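Quick notes on the structure that follows.
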Amino acid sequence: MFLIFGNPVSHSKSPIMHNYFFKKNNINKCYGRYKLENGEKIIEIFKKLNLKGANVTVPHKELAYKLCDEVRGIAKEIGAVNTLIKKNNKVIGYNTDAPGFLEAIKEFDYKNVLIIGAGGTAKAISLVLPEAHILNRSENRLKYFKLKNKNTYTWETFNKFDFDLIINTTSAGLNDDNLPVPKEILEKLFKNAKYAVDVIYGKETPFLKLAQKYNLETKTGLDMLVYQGVLAMELFLGKKLDKKETAKTYFEILR
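One gets our numbering by counting positions in the sequence shown from 1 and adding 125 to each.
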């Protein structure tokens with residue numbers, strides 16, 4: 126069995142896409158959801174449920190990184206895990222968010238990038254977009270990015286507005302009508318930008334609605350979800366898949 130850990134998790138489309146893939150390919154496996162309130166117990170529960178693999182969403186990616194038995198690949202640098210695999214009685218952590226995001230924005234023509242937020246997803250994306258600047262509400266969560274010599278700002282210190290691509294990695298707008306930063310900051314950014322991406326999917330967030338008012342090309346997190354899901358499925362099954370065909374299968378059920 127496979128599942129996704131998160132809080133909230135009821136909105137997750139991962140079970141829909143992965144179960145559709147299993148059914149279409151005659152694979153006798155299933156994928157569910159688990160609302161995990163205490164992230165400290167993620168590995169304990171993974172083992173207790175005898176899972177073969179799992180995905181991890183907000184707010185548990187960084188705790189999963191700290192608690193799994195071994196971390197592999199790009200997740201080591203990111204410090205956040207979104208996929209857990211059981212191998213030889215060990216729980217191994219991976220991150221498929223970063224390569225999944227790059228695939229999702231491959232047709233955009235951009236030079237200057239601003240990432241809003243400083244959590245696990247922001248870390249992942251900043252690794253594959255190394256020149257990106259980071260904007261976060263508080264100073265303390267920017268430490269990781271400063272150590273990587275990134276350009277960082279808080280709301281109070283922010284004074285640069287010439288970015289082509291604005292990416293929201295926060296949960297603002299997921300269960301509320303909040304913007305990820307004050308409206309006056311976003312409006313100045315959107316006047317100069319070409320693209321806005323929100324990693325939230327399944328709804329049009331206030332962030333994207335405002336971007337559209339300024340005629341920006343927008344994307345939800347659906348493409349990122351699909352492409353990171355393809356990479357996660359390869360890990361779940363322990364084999365390479367035809368990525369294009371697998372993505373096509375996911376889009377069939379999600380669009």
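We put the beta carbon where it would ideally sit given N, CA and C, even for glycine.
Keep in mind the model is a prediction, meaning the values are calculated, not measured.
Could you tell me whether any non-hydrogen atom of the ligand GTP is closer than 7 Å to the CB of residue i?
| i | result |
| --- | --- |
| residue 290 | In terms of ligand content, the structure shown is empty, and the ligand GTP therefore cannot be addressed. |
Kindly indicate which residue of the options has the alpha-carbon position closest to the one of residue i.
| i | options | result |
| --- | --- | --- |
| residue 67 | 356, 241, 138, 163 | Only positions 126 to 380 of the chain appear in this structure, which leaves residue 67 out of reach. |
| residue 220 | 297, 296, 195 | 195 |
| residue 378 | 210, 143, 282 | 143 |
| residue 99 | 367, 317, 279, 351 | Shown here, the chain extends from 126 to 380; a query on residue 99 therefore has no answer. |
| residue 257 | 208, 248, 263, 327 | 248 |
| residue 364 | 298, 267, 210, 224 | 210 |
| residue 298 | 352, 289, 331, 212 | 331 |
Taking the alpha-carbon positions, what's the residue i to residue j distance?
| i | j | result |
| --- | --- | --- |
| residue 348 | residue 250 | 14 Å |
| residue 309 | residue 231 | 29 Å |
| residue 334 | residue 152 | 39 Å |
| residue 284 | residue 264 | 15 Å |
| residue 271 | residue 204 | 14 Å |
| residue 188 | residue 175 | 19 Å |
| residue 346 | residue 323 | 6 Å |
| residue 294 | residue 343 | 14 Å |
| residue 234 | residue 368 | 23 Å |
Identify the continuous beta strand (DSSP E) that holds residue i and give its terminal residues.
| i | result |
| --- | --- |
| residue 238 | 238-241 |
| residue 216 | 215-219 |
| residue 261 | 258-261 |
Run the CB neighbour count on residue i, radius 10 Å, all protein chains shown included, and call it buried at 16 or more, exposed below.
| i | result |
| --- | --- |
| residue 141 | exposed |
| residue 155 | exposed |
Got a sec, what are the start and stop residues for the alpha helix (DSSP H) residue i sits in?
| i | result |
| --- | --- |
| residue 227 | 222-229 |
- Query: At which residue ranges does the stretch 308-370 contain complete beta strand (DSSP E) runs of 3 or more residues, listed in the order of the chain?
  - Reply: Taking 3 residues as the shortest admissible run, the stretch 308-370 contains the following complete beta strand (DSSP E) segments, listed from N- to C-terminal end: 320-323, 342-344.
>> Give the list of continuous beta strand (DSSP E) stretches no shorter than 3 residues that lie fully inside the stretch 160-210.
In response: Whole beta strand (DSSP E) segments, 3+ residues: 178-181.
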